[in-house]
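From first to last, the protein sequence lines stand for chains A and B.
Per UniProt numbering, the first sequence starts with residue 1, numbered consecutively.
Per UniProt numbering, the second sequence starts with residue 1, numbered consecutively.
What follows is one structure encoded as structure tokens, with my remarks underneath.
There are 2 protein chains.
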Amino acid sequence: MAQTQPMKDLAAARAKTSFPVHDLTRYIHGSDEKIARRRELAALVANDPVFSNDKRTGLSRVQDVKQGLAMSLRLYQLKEEHKLSQEDFLTCMDFVDELLPIGLHETAFIPVIYAQGSEEQAKYWGPLAEKHQIIGCYAQTEIGHGSNLSELETTATLDRDSDQWIIHSTTFTASKFWIGGLGVICTHALIQARLIIDGKDYGAHGFIVPIRSLKDHRPFPGVKVGDIGPKAYGGFSKIDNGFVRFDKHPIPRENMLMRFAKVTKDGQYVKPPHSKLAYGSMVLLRSHMVRGAATTLARAATIATRYTTVRRQFKVPTSRKDVVNPSLETQVINYPMVQARLFPMIAQIYAILAAGNTMREMYNSMLSELMNGDISSLAEVHAISSGLKSTCSTIAATGVEDCRKLMGGHGYSYFSGISHIWSTYVPSNTYEGDNFLLTQQSARYLLKQISLATTEPEKVTPYSRYVIKTIDQDAFQAERCAVQEPVDWLRPEIQLAAFEHRAGRLVADLALAAIPMQDGSIVWSDLNLECWRLCHAHSQYVLARSAIEGVASARSQGLAKETILVLKRLSDLFALHTIQASLGDYLEDFYLSPPQCQSLRLQIKKLQESLADDVVGLMDAFDFDDHFLNSALGSFDGNAYQHLWDSVQKEEINQTEVVDGYKEYIAPILNQHGPAKL
Amino acid sequence: MAQTQPMKDLAAARAKTSFPVHDLTRYIHGSDEKIARRRELAALVANDPVFSNDKRTGLSRVQDVKQGLAMSLRLYQLKEEHKLSQEDFLTCMDFVDELLPIGLHETAFIPVIYAQGSEEQAKYWGPLAEKHQIIGCYAQTEIGHGSNLSELETTATLDRDSDQWIIHSTTFTASKFWIGGLGVICTHALIQARLIIDGKDYGAHGFIVPIRSLKDHRPFPGVKVGDIGPKAYGGFSKIDNGFVRFDKHPIPRENMLMRFAKVTKDGQYVKPPHSKLAYGSMVLLRSHMVRGAATTLARAATIATRYTTVRRQFKVPTSRKDVVNPSLETQVINYPMVQARLFPMIAQIYAILAAGNTMREMYNSMLSELMNGDISSLAEVHAISSGLKSTCSTIAATGVEDCRKLMGGHGYSYFSGISHIWSTYVPSNTYEGDNFLLTQQSARYLLKQISLATTEPEKVTPYSRYVIKTIDQDAFQAERCAVQEPVDWLRPEIQLAAFEHRAGRLVADLALAAIPMQDGSIVWSDLNLECWRLCHAHSQYVLARSAIEGVASARSQGLAKETILVLKRLSDLFALHTIQASLGDYLEDFYLSPPQCQSLRLQIKKLQESLADDVVGLMDAFDFDDHFLNSALGSFDGNAYQHLWDSVQKEEINQTEVVDGYKEYIAPILNQHGPAKL
């Protein structure tokens, strides 16, 4: 096929890459074996007609859900045909890139049965669920309660006579709502309900509740269940988020999950031994979400980087020379306004990736400590994972939409591929802890550290040690940034000192503001803005530190020096761009002087210029295949306009010369005042 | 019907309003007569089954477009049945709240024929179009060119023998793309094409080009036309944005629009007398977009304000007392984190509304000047309208999505109503001038003013007079904010001085940076970040000034003193919140001191508290009816959960007990490993 100009442009950009791309792919995905396996699984999905990208959009809600069911079945068939491990199966599900009706069965229902069921329960329900002879969902939120789970209104009341729980929606707002897999597919639901024995309320516990008959899939009497309908922005279109309302629905006493709390045959409630152990799985989930934020944003940035490389607009010179053909219009990626938005985003992607690695290591080491009964690191790991989840998923959601804006008019076509990524990703800012609320937990944790700093400074946790410096307020207020010339900004210790100072100041301010009232309580809700600022400042510190440590780790892994150099530039750009975003705080504190702000901007500009030849390679390194990218504008070959044109031609609406609706509507419009006399 | 708690909450909030709401409604919509007419037209649409909100979503692309056609026909029927004026007809189309296939016929094709057609052409084509005996679209952008219209590749070449233009797509990238109404409905297109006579290229001109036969709606030979498919985020779902590619399609010479440039029968090209007159309509369009930004954001904020008033979550005290029942959970709107996001947005809405009024007045006075051949104000009005369009539509798009985030989990339901608003609005950041590119024009205009300030300061235009102060650099750099105590922040002259100082500094900096190269040219593209910052700073100044003048105008219109007080608070909050967002700039410049920053924050907090009782009324004042809001969560009665539940129950997918797809997909999943043995 003839090389079009866009194809030449992308190839030329690729040729300029200064480092071996595969080196970085290995750094991202772990090993050559893992890369190879990923590619095999990606191809398995890409080559299957059920997962074709051509027929995924423009469907009605009923068709969408039906397609979600078809994809679910096909995935199970592939698992069987190719003897896929559970891990490989979940990777394939990721490559399908749709929230599916079976998604939460696999990622929530099964794990929770093993985590919260007794050994006996795990043995009974586990295999049934793994062989999907039953399909479950995880039903927590209600129409009236999302964030505040302590006020859930669904009840499970012990009926001693029948030895059953009576599951009941006590009020209208008790209706379970938003539950993935509940709408049409599930046979069982893991219901969080208030456990009540003899009128005493023991709070929310988990129960396995049959929803639909295994015989004919009809809901049981006393169970009003259905789909909650379309979601915003066309997101979550193939999954059946559902509602359920119970009218005194009885289930066996043994269906309560009893690994921790128990209720005996004679109706005795037995308390769980440890209440904090359940935090572990939340930490793991949020850690995954940190890495997910990086890969999601990377996908959008891959598309935007490629398209802005091939898109040319305006014959105006830029200082950056066009190597392909100076007589052509300017490549959009050469405009400073585009670089200033895109390049720091790429730096954020790599910083979040590094933080994901940090989280994984923290989680693993915490896990082995927990095995030995040591819960000392749990609080810090939980606080960091909450804060990072909030900060990183906010960055990613904003960034994906920024990618669309970078792509001008065509970015608004569904075929740009950004729409699907963003509309599916954006609710992650709300689920698994609302991003605004999570910051409260993280901030309160830091407050504990600052109070520890005055009494037992040696006990302050590793990522909070900067709070110690705030104790001597005079010395802390006299702290100044050590930058003397622009190049000093590239020193990691100078960068980290700035992050530490800002977070330190915010935690000290919060400690001052959090004055207990007469009854000893603090009106936290009045401080939630301050908590929010502190939490993000702390997360930014963790991100900057992870990025710096990531460069060191790349060095110790023996990556090529060119690769290490580009990772160092990204780490620098992340740090400096993030500092720049809070210049007001630094200036108000006299930590930075106006000339230092000037030199900061200069250094950021230099870093961006130094990355210009590498951004295509930096995105290629993620190794997304075209099927998964699902973008006419961001494909590997760069042939954006042709792919856009081809996608459009395949549309159902273009298969007839005259549209369905002509006789019914168009002709009557044209003839309302009689036919035209031309 | 029994009052539910949410209904009581909203009623209680409404009862606390400190000012007469109708007073403000009159201020917004003009007069009691206009309010009454608006309500009649809104009811006309709301009561017509074709425009029912129940069946608008969850449709396939083909069904969506068909519904768009049905709505188009119904609108024309209503026009006839109720003898609607064109203005009332367009208001009804607004209330339908969908981009429709006939939309651009009415708002672009018809006006352009009258604006750019000769008298003879207007007489011939105008009535045909007004009676929609032909349906037109306006075809400018191509697949390869959106922003840069000077490089359009479609040609209209004069064939002297046949006295015809030959319309031709010279390359693949010349295909017209994104054209609303072109996909399935239009019979004619107003094509922008390069006019070529005897090999000489005269640049882009407009031509009326027949696309589909009036007999059977089939495209003419040489015309490949169709729909460009789905757009991002489910937006623009009912309109047929289309593509067209011409293969030497002949049209009569007289089909060139000849009000300005002409081509005579013997093939002579006659130049247009004035080139700048066409700017007028662009200014008008962008002025409308300023007001549109306010009303669009107001709609989303109405929903968010009402829902956060009725949503209760967490039993934590806030300093703001719950008047309804202190034993209930806290109303979400009482959290400072919510107020800090929502209240400044409401202030932005009113500032943008005031700027819309400013623009209208400027446009009208410019128009009467133009009639007298005076083009002196054109440049300023054009620059301000470009800048405001960019700033205001950015604020509105960001704000609408922020409203969704304020609404937590349920915000992501389609039934929140935010999704439709945002997905339809967000492309306005790109069309009618990309928001990033527009800032370049506006900034260059200000540079001209600063150079004028040194030579002929009396000629500097009214909204740019602050540049004069920058000429004496020493005095300018010594400028300091006059605030001594928090209350000083409420003085309009102090607020405006801050905006003027910041914009002045940015224009002076840009003048220094814009150093011509040896050939006298300036590499503008290297400065586009600086232009962007300057343009927004200037727009913010115009907004703040308009808000302040709006309060004065409300006073002179005789509004109640309570209404004026609340408008003054909004104006203050807009100014202070906007200044706060650029604290870094002010501190770096020593214009603000750290204690002034402290007092600024304090004053913002006070303003927010003072508005807390009025936000529901401030949104009610826009007088949006429930059908137009189309939000289960934001309806006037506040019964959010019940409406959400009811919307869900109506979904097609919930009309059967067992989903379509059970036998085909679910049963095979459940039985892949044999049936469950329970």
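Glycine is no exception: its CB is placed at the ideal position from the N, C-alpha and C atoms.
Keep in mind it's a predicted model, so treat the numbers as computed, not measured.
- Query: Using 8 Å as the limit for Cβ to Cβ distance, is residue 468/A near chain B?
  - Reply: no
- Task: Taking residue 304/B and residue 244/B to be in contact with their CB atoms under 8 Å, please state how far apart those CB atoms are, rounded to whole angstroms.
- Result: That pair is no contact at about 41 Å.
- Query: Can you name the residues of chain B whose CB is closer than 9 Å to the CB of residue 72/A?
  - Reply: 665, 666, 669
- Candidates 400/B, 473/B, 64/B: which alpha carbon is nearest residue 229/B's? 64/B
- Task: Determine, using beta carbons only, whether residue 485/B and residue 509/B come nearer to each other than 8 Å.
- Result: no
- With DSSP run on the structure shown, which of helix, strand or coil describes residue 332/B? helix
- Query: Given that a residue counts as buried once 16 or more other Cβ atoms are within 10 Å of its Cβ, and exposed if not, what is residue 465/A?
  - Reply: exposed
- Message: I'd like to check one pair, residue 624/B with residue 299/B: are the Cβ atoms closer than 8 Å?
- Response: yes
- Query: Closest by CA to residue 136/B, which one among 422/B, 241/B, 637/B?
  - Reply: 241/B
- Task: Mind checking who residue 212/B pairs with in its DSSP beta bridge?
- Result: 219/B
- Message: Less than 7 Å between C-beta atoms, sequence neighbours within five positions excluded: which residues of the same chain meet that for residue 424/A?
- Response: 99, 235, 236
- Message: Any contact between the stretch 6-15 of chain A and the stretch 633-650 of chain A? By contact I mean 3 or more CB pairs, one from each, below 8 Å.
- Response: yes
- May I ask which residues mark the beginning and end of the alpha helix (DSSP H) holding residue 281/A? 279-310
- Below 7 Å CB to CB, which residues in the same chain sit around residue 6/B once its five sequence neighbours on both sides are set aside? 310, 638, 639, 640, 641
- Length-filtered (3 minimum) beta strand (DSSP E) runs lying within the stretch 519-607 of chain A: none
- Query: Tell me which same chain residues have a C-beta within less than 7 Å of the C-beta of residue 25/B, skipping the five on either side of it?
  - Reply: 35, 621, 623
- Query: Is the Cβ-Cβ distance between residue 428/A and residue 282/A less than 8 Å?
  - Reply: no
- Message: Let me see if you follow: with CB-CB separation under 8 Å, is residue 49/B close to chain A or not?
- Response: no
- Item | C-alpha gap between residue 165/A and residue 211/A, whole angstroms | 14 Å
- 7 Å Cβ cut-off: residues of chain A touching residue 434/B: 408
- Query: Straight-line CA distance for residue 432/A to residue 582/B?
  - Reply: 33 Å
- Message: Runs of 4 residues minimum, wholly inside the stretch 20-71 of chain B: which ones carry the alpha helix (DSSP H) assignment?
- Response: 21-29, 32-46
- Task: Could you check how far apart the C-beta atoms of residue 660/B and residue 66/A are, in whole angstroms? I think they sit under 8 Å.
- Result: 6 Å
- Message: Which residues in chain A have a C-beta closer than 8 Å to the C-beta of residue 402/B? List them in chain order.
- Response: Within 8 Å Cβ-Cβ: nothing; residue 402/B doesn't reach chain A, min ~11 Å.
- residue 143/A and residue 156/A closer than 8 Å at C-beta: no
- Kindly say whether residue 133/B, judged by its beta-carbon, lies nearer than 8 Å to any beta-carbon of chain A. yes
- Looking only at its own chain, which residues have a Cβ that is under 6 Å from the Cβ of residue 382/A, when we skip the five neighbours before and after it? 279, 283
- Item | CB-CB length for residue 351/A against residue 543/A, believed under 8 Å | 5 Å
- Message: Going by DSSP, what residue range makes up the alpha helix (DSSP H) through residue 382/B?
- Response: 378-406
- Message: 8 Å is my cut-off, CB to CB: does residue 154/A come that close to chain B?
- Response: no
- Message: Using the three-state DSSP reduction, which class does residue 73/A fall into: helix, strand or coil?
- Response: helix
- Selection of the stretch 25-59 of chain B by Cβ proximity to chain A, strictly under 8 Å: 57, 58, 59
- Message: For a cutoff of 8 Å on Cβ pairs, would you count residue 314/A as touching chain B?
- Response: yes
- Euclidean distance between Cα positions of residue 556/A and residue 92/A: 32 Å
- Kindly confirm or deny that the stretch 363-379 of chain A and the stretch 331-349 of chain A touch, where touching means at least three C-beta pairs closer than 8 Å. no
- Task: Residues of the stretch 419-434 of chain B with a CB closer than 8 Å to any CB of chain A: list them in chain order, please.
- Result: 419, 422, 423, 426, 427, 429, 430, 431, 434
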